[in-house]
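Numbering (the numbering used here), first residue to last: 106 to 189. Here a beta-carbon is modelled for each residue, glycine too, at the ideal position from N, C-alpha and C. This structure is a prediction, so every number in the text was calculated from the model and none was measured.
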Ligand code: SF4
């Protein structure tokens, strides 16, 4: 799944987004509430908060397998550069 704001886009691999435990972790770590959970526990990206991203990387550090990142934060204001 991917959601685009004006300045920031967030992309989360579909299998990771369907993982309720991972969705809960992302929901807990993001300081500006870009992540939430659907009633079934799966991930929801909160469109209205995307541009509040403070580039803290906490969602990236929370990734399940750093060798195969499931979460990408893209800086649309910088030609879509990936936050690393
Ligand atoms: S980088 Fe920080 S503020 Fe941005 S989506 Fe990830 S956890 Fe939220």
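Taking the alpha-carbon of residue i as reference, which of the options has the nearest alpha-carbon?
| i | options | result |
| --- | --- | --- |
| residue 126 | 181, 151, 177 and 143 | 143 |
| residue 149 | 156, 155 and 141 | 141 |
| residue 137 | 146, 124, 147 and 152 | 152 |
| residue 132 | 164, 107 and 116 | 164 |
| residue 167 | 106, 121 and 186 | 121 |
| residue 156 | 112, 108 and 124 | 112 |
| residue 130 | 114, 116, 115 and 147 | 147 |
| residue 139 | 182, 107 and 187 | 107 |
Less than 7 Å between the beta carbons of residue i and residue j, yes or no?
| i | j | result |
| --- | --- | --- |
| residue 118 | residue 175 | yes |
Just verifying my parser: in three-state terms, what is the DSSP assignment at residue i?
| i | result |
| --- | --- |
| residue 187 | strand |
### Message
Please give me, in chain order, every unbroken run of the alpha helix (DSSP H) with length at least 4 that falls completely inside the stretch 115–177.
### Response
119–122, 125–134 and 163–166
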